[in-house]
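> When the letters of the sequence shown are read in order and numbered with the numbering used here, they come out as residues 69 to 476.
Just so you know, even glycine gets a beta-carbon here, dropped at the ideal spot from N, CA and C.
For clarity, every value in this text was computed on a predicted model and none was experimentally measured.
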Amino acid sequence: MNEFNIHRIREDFPILTRRNFNNKQLIYFDNAATTQKPKQVIETIVNYYKNINSNVHRGVHFLSEEATTKFEEAREKVKQFINADYSEEIIFVRGTTEAINLVANSFCKNKLNENDEIIISSLEHHSNIVPWQMLCECTGAKLKVIPIDSNGDIIFEEFIKLLSEKTRLVAITHISNAIGTVNPIEEVIKTAHSKSIPVLIDGAQSIQHKKIDVKKLDCDFFAFSGHKVYGPTGIGILYGKKELLENMPPYQGGGEMIQSVSFEKTTYNTLPYKFEAGTPNIAGAVGLASALDYITQIGLDNIATYEREIFEFATEKIQDIDGIKIIGTAKEKANIISFLLNNLHPYDVGAILDNEGIAVRTGLHCAEPLMKIFSINGTVRVSLAFYNTKEEILKLVEAINKAKKLLT
Ligand code: PLP
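1) Report the start-end ranges of each beta strand (DSSP E) in the region 190-219 that is 3 residues or longer and not cut off at the edges.
2) Which residues in the same chain as residue 279 place their Cβ atom closer than 7 Å to its Cβ, once the five residues preceding and following it in sequence are excluded?
3) Express the C-alpha separation of residue 96 and residue 313 in angstroms, rounding to a whole number.
4) Pick helix, strand or coil for residue 143, following the three-state DSSP scheme.
5) According to DSSP, is residue 185 helix, strand or coil?
6) Is residue 277 near the ligand PLP, with its Cβ less than 8 Å from a heavy atom?
7) Would you kindly work out how many angstroms separate the C-alpha atoms of residue 219 and residue 292, rounded to a whole number?
8) Looking at residue 379: is its Cβ nearer than 9 Å to the Cβ of residue 401?
9) So, under 8 Å CB-CB, residue 437 and residue 190 are touching, yes? Tell me the CB distance rounded to an integer number of Å.
10) Rounding to the nearest angstrom, what Cα-Cα distance links residue 110 and residue 355 in this structure?
11) For residue 241, count neighbouring Cβ atoms within 10 angstroms of its own Cβ and tell me buried if that reaches 16, exposed if not.
12) What I want to know is whether the C-beta of residue 269 ends up closer than 8 Å to one or more non-hydrogen atoms of the ligand PLP.
13) What is the DSSP secondary structure of residue 476, counted as helix, strand or coil?
14) Cβ-heavy atom distance between residue 273 and the ligand PLP below 8 Å?
15) Report yes if the C-beta distance between residue 359 and residue 297 is below 9 Å; otherwise report no.
16) Answer yes or no: the CB of residue 192 versus the heavy atoms of the ligand PLP, is any distance below 8 Å?
17) Any heavy atom of the ligand PLP within a distance shorter than 8 Å of the CB on residue 434?
18) Given 8 Å as the limit, tell me if residue 419 has its C-beta closer than that to any heavy atom belonging to the ligand PLP.
19) In this structure, does DSSP put residue 93 in helix, strand or coil?
20) Could you pull the start and end residues of the alpha helix (DSSP H) that residue 387 belongs to?
21) Which value, in whole angstroms, describes the spacing of the CA atoms of residue 227 and residue 407?
22) Please classify residue 335 as buried or exposed, where buried requires at least 16 other C-beta atoms within 10 Å of its C-beta.
23) Quick check on residue 408: does DSSP put it in helix, strand or coil?
24) Can you tell me where the beta strand (DSSP E) with residue 419 in it begins and where it stops?
25) Assuming the contact rule is C-beta atoms closer than 8 Å, residue 468 and residue 350 should be a hit. Round their C-beta distance to whole Å, please.
26) Would DSSP call residue 244 helix, strand or coil?
27) Using CA coordinates, which residue listed in 234, 148, 159, 177 is at the minimum distance from residue 184?
28) Is it true that the CB of residue 216 sits closer than 9 Å to the CB of residue 249?
29) Quickly, what does DSSP pair residue 401 with across the bridge? List them, please.
30) DSSP three-state call for residue 299: helix, strand or coil?
If you want it as C-alpha cells, here you go:
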C-alpha cells in the first residue's frame, strides 16, 4: 500500500493554491458538484491536444490511429476500474445524466405501456427522476417512489412492497448527493433480481469514494460522470450488461453508430459503437483514464480510509456548533454533510463562507422532492474529497460561527 501523503497530494491540484476576491485561500468543499483536477490529468489533456488530436475510428493516418488507440485504451481502463467483463459494456456518454437518459430511451421506451412501473427512491437527483417521468409521460407507465424515514434511510419493507410483476426497472442512487445517505444497493439488487427485475445504479457520488465492482454488485446498469472522479467534464460512462445492451436499440443516430447506410435502410454498428453516435469526447475519455490511473496510484483503500477520518471529524465538529441542524442522519453516510444554521437562509450562510474563501453548495442540490420531504427550502452542503484537511474543516467551523454572529 502506498503511503498517503496529504501534503504531496495537495501539490498535485494547482487550483488549491487559488485565493478569492478577499485574498483568502480557497477551501474547496463543493466536491459533490465537481471535483478538482490533478496536474497529471490536466497535462494528459494538454498533451492529447498538442500531440495526438485527431478523429477516432476513421482515418488511415498515424494520428487517427494513435487517437483511436488512446480512446480504446481509456475504455479498457474503465472496464478494469469497475471490473466489467467486456470493454463493449463500457459506453462513453456525456455524464451520468446522459447515461440515465440512454437507458430510459433505449432500454425502456419501446417496451413500456400503462401497465408498467419504474421504481426510484426519494433520495434521487433530478437526473434520476425527470428522465423516468418523461418516459412515463409518453408510455403511460407509472413512477413509484421508495419512501425514506426521518433519518434519510430508504424504508426497505416499503421497497419490497413496491416490487411487483409490473416493475420493469429499479433506478436508484448509490449515495445521495444532497444528504449523503449510502443506499444498501447490494440488497436492493439482490431483492429486485429475486423477482427478475433489472437495476440501474446512479454512481455519480460513489465512483470517487468507493471501490466499484459491477460484477460483484451484479447491477444491470451503472452510470457515472468523469468530472466527479477527478476527470474532465463532458465525459461519463454507462456500464450495461452485454446481453442487455445487445438487445437495446440505438439511442441517437449519426456517424459511428452505423454499419451501412442507404436511403432505404440503415444497419447498426456493434457494441459499444451502436450507442456512440457522432465524434466522441476523445480528450475527455483520455483525461478520464488518466484520472482513474491517478486515484488507483494513490490507492482506493487509502482514499477511503482518509476520507472516512475527515468525514467523521467534520460531522463531529459541525454538529457541535450551537444552532446547527444536520439534515440526513442515515445509518451509513459518506462525504456529504448538509445542514441548516438556526433559521438562516442557506444562501446567506454560503455567501459569508464564500467571503472567507470557503466554497460550499447551497440550495436544493437538484433534489427538490427530497427537500420537500424534509419540509425545507434547501441546505448548506459541505462535500469532501481526499485533498481536504482537518485544518480546512476547523476554518469552516470558524467561518460558520462568524456567519452566525453576523446574521443573527
Ligand atoms: N446523480 C447524482 C447522484 C448526482 O450527484 C449528479 C450530479 O450532481 C448527477 C446524477 C448528474 O451528474 P451529471 O450532471 O454529471 O450528469
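Looking at the coordinates:
1) 210-214
2) 368
3) 38 Å
4) helix
5) strand
6) no
7) 26 Å
8) yes
9) That belief holds up - the Cβ atoms of residue 437 and residue 190 are roughly 7 Å apart, short of 8 Å.
10) 7 Å
11) Within 10 angstroms of the beta-carbon of residue 241 lie 16 or more other beta-carbons, which makes it buried.
12) no
13) coil
14) True, at least one ligand heavy atom lies under 8 Å from that Cβ.
15) yes
16) yes
17) yes
18) In this structure, the ligand PLP has no non-hydrogen atom nearer than 8 Å to the beta-carbon of residue 419.
19) strand
20) Its alpha helix (DSSP H) spans residues 368-387.
21) Rounded to whole angstroms, residue 227 to residue 407 spans 27 Å at the Cα level.
22) Counting of Cβ neighbours within 10 angstroms places residue 335 among the exposed residues, the total staying below 16.
23) strand
24) Premise fails: residue 419 lies in the alpha helix (DSSP H), 414-423, not in any beta strand (DSSP E).
25) No, residue 468 and residue 350 are not in contact; Cβ-Cβ is about 43 Å, not under 8 Å.
26) coil
27) 234
28) Result yes, Cβ atoms of residue 249 and residue 216 sit closer than 9 Å.
29) 249
30) coil
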